[in-house]
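Protein chains in written order, with the UniProt record's numbering: chain A, 1 to 421; chain C, 1 to 343; chain P, 1 to 252.
Glycine included, C-beta positions come from ideal geometry on N, C-alpha and C.
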Amino acid sequence: MTDQTTHTPAGATTTRKTRETSGILGLKGRDITLMVIVLILTMAAPILLNPFPADSSLAQFNAGYPDLMQRFVIFGIFAIGFNILFGLTGYLSFGHAAFLGVGSYATVWMFKLLNYNILPGLVLSVIVAALFSVLIGYISLRRSGIYFSILTLAFAQMSFALAYSVLTPITNGETGLQVYTSDPQYLQSAGAPDMPHLFGVTMRATETIEIGAWSFTFNFGYYVCAIIMLAAFYMAIRIFRSPFGMMLRAVKSNQQRLNYTGVNPRPYTLAAFVISGMYAGLAGGLMASMDPLAGAERMQWTASGEVVLMTILGGAGTLIGPVLGAGLIKYFENIFSKINDGVLHQWFAFMPDGIEDLLVTIVHPFVGKGWHLTLGLMFMLVVIFLPGGLVEGGQRIATVFRRDRKATNVEDAAAKKRNAK
Amino acid sequence: MEAIFLQILNGLDKGSAYALIALGLTLIFGTLGVVNFAHGALFMIGAFCAVTLQRIFNASFTTIDESRTDFLGNPMQVQTPYVEAWFGPEIGASIIDWSVPLAILLAIPVMLLVGFIMERGLIKHFYKRPHADQILVTFGLAIVLQEVIKYFYGANPIPTPAPDVFRGSMDFGVLLGFDPNVVIYPIWRLVYFIFSLSIIAAVFGFLQFTTFGMVVRAGMADRETVGILGIDIDKRFTIMFGIAAAVAGLAGVMYTPINPPNYHMGMDFLVLSFVVVVVGGMGSLPGAVLAGFLLGILESFASTTWAIGLVPGINQIIIYLVAIVVLLTRPRGLMGRKGVMEE
Amino acid sequence: MGILEVKGVNKRFGGLQALGDVNLSVKENTCHAIIGPNGAGKSTLLNCLVGKLIPDSGSVMFDGNSVLGRKPHEINQMGISRVFQTPEIFGDLTVFENVMIPCFAKRDGAFRMHAYERTDNETDIVDKAERMLDEVNMLEKRDIVASSLSRGDKRRLEMAMCLSQKPKLLLLDEPTAGMARADTNNTIDLLKTIKAKGDVTLCIIEHDMHVVFSLADRITVLAQGTPLVEDIPENIKGHPKVREAYLGEAEV
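Now the structure itself:
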């Protein structure tokens, strides 16, 4: 033993003190703040997303209607899960939509066989997605880098092709899987609603409250999704702060060192893959719960690309990023695809006629059916200029401000010194 | 025997397209070290060069022919393409008829230009970035290019027929001593196959026998050393990217009579071409060509009623299955080199 | 019987015989240095010990068990740690996390699904990592992202990571390569302290003779893939064969 190890290191005492402060539900410090912010945002979303009076011309920018809000949180779940794989381990999967599709099919099958209660469907969607992702992950994770991306892409495209053709008895092919009156629905009791519900309360149950010119819609389906998303978000925080999460980041950082440190990276990456697959399955199950329909197009690789974009746009590897990204993309998708030439003319009406027409012509390709063009451009701009996503962008701005403040502080101090002389 | 031969022939046209796209992908990957997800879009742009030229040739002016009437009894309005007015009806008509092969002349400069702009404007800045970023930015670019084409040309496939002489089929089997009417093969597909072979030969010849090609091959093998030798690798890489774009574009031009082009044809081919590259071996040019033809032919065999009867849906997934098996048993692909894409 | 017994190891790369019939025996709790001119096969030998390469023939026994055919992480779990020529650390993680990972690996093995615990609640690991960082005088840098460390600090961090596992055998691949004289001396001091504890075997590949002769108990000279001589440092210095193979090339 050397002298150095016998005395307590100076820094250790301070850290031990901070360690003693206990948290809520295993969360501490900033994580609690984050969780509370997300909690408030999701719970108050029907109000927050409807800032404009219902009959004003700005009402088209409102996003507080059930269908869209459900999509916000469902894709939020999808992106949170994807981030556990991509953000932490760096493995870029281009086939996660397959798990989304599988989850949807599983839930609709539960509707067809049992009854419209969404609970068995959601449970099954997670289980099926988990099994499916174990299979795909086990094979794909034998390779890394671009090979991994292509393997996952190949699997997803294969599932897509099969769902369209051979598996029609299970997937109902191009028509999409839906519930027919001839389906057995063995557990359907006489009084139960004939649409998706949770113990009798249907997903469509909606309460509209009018306050002055404002109108707010509170939808049961949305709150079911929102609570599930909060749980999913909470789980993600726990994973991020766990030794398991640290190992996943170590996989991304230096797999060679990890190997020579006695850690086997493969089970870690497989676990991350399966967890993110389960998140995707859950999201798919929720989609089918809101609208009891499942189609193969949900598995297509463009859908996989979308979740990649959401994660990157928000900030891969950050906690809040994927949720932000999902919300933003779905909001823009909704707004942009709603805008048509009529709306554009209305917007630019204050301009002289010639310029008005010109502006409409310029903007026209990017809106309405051209939404995908905007999406592609956004994709490129984010990757080029903001590879860390919005969260990193925000942090950069914050540091600039902080640096300014620090700089002024230093100047102040220098000035004081000078004055003292 | 005839049936096997026919399936091989049937696989050649798709195989040619796969081989040409995979060749371009490998060139870009091998020289620039960039994974180009927009390469399918280049194939598609090539195809739309053919569409554009056909439209240009068909541009017409209207005259009123008093001597004839339409079914309502009004004077007949006659559309005359400008080319027919300028060069006379006979030559004009044949120019229109030959618009697809003539589009090659349009596609070469267009594709080179597109390639140069893409490399200088975008790809160049991604050499040092991680592969994930390269995939993502080119993926975004692919969406943009696809949507732009959709905006101008609509979402429906546009028929672009081959020249009259190449339409129809020929009894290919008779030439090889089979019974008549057994091995019938569309002539244009044969043209496409021969065309692809000559492009592949041209690319390989270019790399093998020119100084430029030699430097590029050296760069593919060991980029740093070539850089140290003081050779301006950057400029050569730009040109290489242009050539790869042109190869993809030409493959697209000539493919139009086989399948009417639509805006998402590039993406459809891209996913499969990537699989082809991986099967052939990342960074191996002969591997890309070999795997392209091999998978095209395999796909054709899997599409026979016999194969589908044996394993339903096999025609849809055969390529992916092969890719998975190859990647798991021969991680470097059929002809892959050591050290490519292995951190 | 040494803790590490290498017998008759051969390794060819194509036409090149990288290792030819290498025999090596490293005694427990000693410092054994392997020296030799460039291309002598030192790194190849090291790679064969840690599972990166598999020899064509021969045997490698560690602590009575064969390491051949085992994966790198399994070999590490047997008690062999490795310091690389260029420091291999987790660049995106903080210094403290870098040290925690080997501590977890030591405690939990190659894989454990501890996804719900909090990292900073694992007091035993945290304490151990703090002690380890203090030992290499890096405690004040614990929250710095590892990639922004200086090269010398990276090396010390890597050393701390390996030591925190309490390996039975520590392999060092040119631990002072590219270091300034002061840093080199620090490293020598650090290694001497480690050695003085007497609970770890060191196996060191080095070009710097100053380092070798300050630390090694025994030296093996490797030339063209074959061990030339093995002896105590005093005898190596003046050995004619060594001069011929090693120092001789400097005189030319």
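Kindly indicate the opening and closing residues of the beta strand (DSSP E) around residue i.
i, result
"S196 (chain C)", "Unbroken run through S196 (chain C) is the alpha helix (DSSP H), 187 to 209; no beta strand (DSSP E)."
"H32 (chain P)", "31 to 35"
"M138 (chain P)", "M138 (chain P) -> no beta strand (DSSP E), and no H or E assigned at all."
"P227 (chain P)", "226 to 231"
"V128 (chain A)", "Segment 118 to 140 is the alpha helix (DSSP H) holding V128 (chain A); no beta strand (DSSP E) there."
"residue 425 (chain A)", "What is shown of chain A runs 1 to 421, which leaves residue 425 (chain A) out entirely."
"M299 (chain A)", "Looking at the DSSP string, M299 (chain A) is not in any beta strand (DSSP E), and its letter there is neither H nor E."
Tell me whether the beta-carbon of residue i lies closer than 8 Å to the beta-carbon of residue j.
i, j, result
"L42 (chain C)", "A248 (chain C)", "yes"
"V400 (chain A)", "G321 (chain A)", "no"
"N83 (chain A)", "T302 (chain A)", "no"
"V253 (chain C)", "A50 (chain C)", "yes"
"D108 (chain P)", "S253 (chain A)", "no"
"G152 (chain P)", "D183 (chain P)", "yes"
"R236 (chain C)", "G281 (chain C)", "no"
"V322 (chain C)", "L295 (chain C)", "yes"
"P260 (chain C)", "T160 (chain C)", "yes"
"E28 (chain P)", "T201 (chain P)", "yes"
"G92 (chain C)", "P81 (chain C)", "yes"
"A316 (chain A)", "F94 (chain A)", "no"
Determine, for residue i, whether the minimum Cβ-Cβ distance to residues of chain A falls below 8 Å.
i, result
"A22 (chain C)", "no"
"L327 (chain C)", "yes"
"T226 (chain P)", "no"
"V252 (chain P)", "With a pLDDT of 35 at V252 (chain P), under the threshold of 50, the modelled position of this residue cannot be trusted, and the question is left open."
"G140 (chain C)", "yes"
"F274 (chain C)", "yes"
"V183 (chain C)", "no"
"A3 (chain C)", "no"
Answer with yes or no whether the minimum CB distance from residue i to chain P is below 8 Å.
i, result
"P267 (chain A)", "yes"
"I239 (chain A)", "yes"
"R249 (chain A)", "yes"
"A271 (chain A)", "yes"
"G26 (chain A)", "yes"
Are the C-beta of residue i and some C-beta of chain C separated by less than 8 Å?
i, result
"L147 (chain A)", "Before going further, note that residue 147 (chain A) is Tyr rather than Leu in the sequence given. It does; some Cβ of chain C falls within 8 Å."
"A54 (chain A)", "no"
"W109 (chain A)", "no"
"L328 (chain A)", "no"
"P387 (chain A)", "yes"
"R19 (chain A)", "With a pLDDT of 47 at R19 (chain A), under the threshold of 50, the predicted position of this residue should be treated as unreliable, though the coordinate-derived value follows. R19 (chain A) does not count as touching chain C."
Closer than 7 Å: is that where the CB of residue i sits relative to any heavy atom of the ligand FMN?
i, result
"A18 (chain P)", "Absence of the ligand FMN is noted for the structure shown, with no ligands found whatsoever."
Name the chain P residues whose beta carbon is nearer than 8 Å to that of residue i?
i, result
"P365 (chain A)", "Those within 8 Å of P365 (chain A) in chain P number zero; the least Cβ separation is about 40 Å."
Which residues of chain A have a Cβ atom closer than 7 Å to the Cβ of residue i, listed in chain order?
i, result
"P312 (chain C)", "V166"
"V200 (chain P)", "What V200 (chain P) touches in chain A: nothing, since even the nearest Cβ is about 14 Å away."
"Q316 (chain C)", "A161, L162, S165"
"T119 (chain P)", "R241, S242, P243, M246"
Quick one: which chain C residues come within Cβ less than 9 Å of residue i?
i, result
"L92 (chain A)", "H131, A132, I135, L136"
"R142 (chain A)", "L327, L328, P331"
Along chain A, in chain order, which residues have C-beta atoms closer than 8 Å to that of residue i?
i, result
"Y263 (chain C)", "Within 8 Å Cβ-Cβ: nothing; Y263 (chain C) doesn't reach chain A, min ~10 Å."
"D92 (chain P)", "R249, K252, S253"
Identify the contact partners of residue i in chain B, using a Cβ-Cβ distance below 7 Å as the criterion.
i, result
"N76 (chain P)", "The chain inventory of the structure shown lacks chain B, comprising the protein chains A, C and P."
From what residue to what residue does the alpha helix (DSSP H) around residue i run?
i, result
"T371 (chain A)", "For the sequence presented, residue 371 (chain A) should be read as Trp rather than Thr. Element bounds for W371 (chain A): 371 to 385."
Using a C-beta to C-beta distance shorter than 7 Å, which residues of chain C count as neighbours of residue i?
i, result
"H372 (chain A)", "I143, E147"
"W301 (chain A)", "V271"
Name the chain P residues that come within less than 7 Å of residue i, Cβ to Cβ?
i, result
"L256 (chain A)", "Here the sequence assigns Gln to residue 256 (chain A), which means Leu is not the residue at that position. In chain order: E88."
Name the chain C residues whose beta carbon is nearer than 8 Å to that of residue i?
i, result
"I170 (chain A)", "Per Cβ cutoff of 8 Å: no residues; I170 (chain A) is ~12 Å from chain C at best."
Would you check if there are 3 or more beta carbon pairs closer than 8 Å linking the stretch 303 to 317 of chain C to the stretch 24 to 35 of chain C? no
Could you tell me whether the stretch 60 to 73 of chain A touches the stretch 205 to 221 of chain A, where touching means 3 or more Cβ pairs closer than 8 Å? yes
Taking one C-beta from the stretch 127 to 135 of chain A and one from the stretch 251 to 269 of chain A each time, how about it: are there three or more such pairs within less than 8 Å? no
Quick check: the stretch 177 to 186 of chain A against the stretch 112 to 125 of chain A, are at least 3 beta-carbon pairs closer than 8 Å? yes
Would you call the stretch 165 to 177 of chain P and the stretch 119 to 128 of chain P in contact, with 3 or more CB pairs under 8 Å? no
On the three-pair Cβ rule with 8 Å, is the stretch 61 to 73 of chain C touching the stretch 296 to 306 of chain C? no
Touch test, the stretch 353 to 365 of chain A against the stretch 100 to 108 of chain A, Cβ-Cβ under 8 Å, three pairs minimum: no
Just checking, does the stretch 146 to 161 of chain P make contact with the stretch 93 to 102 of chain P on the three C-beta pairs under 8 Å criterion? yes
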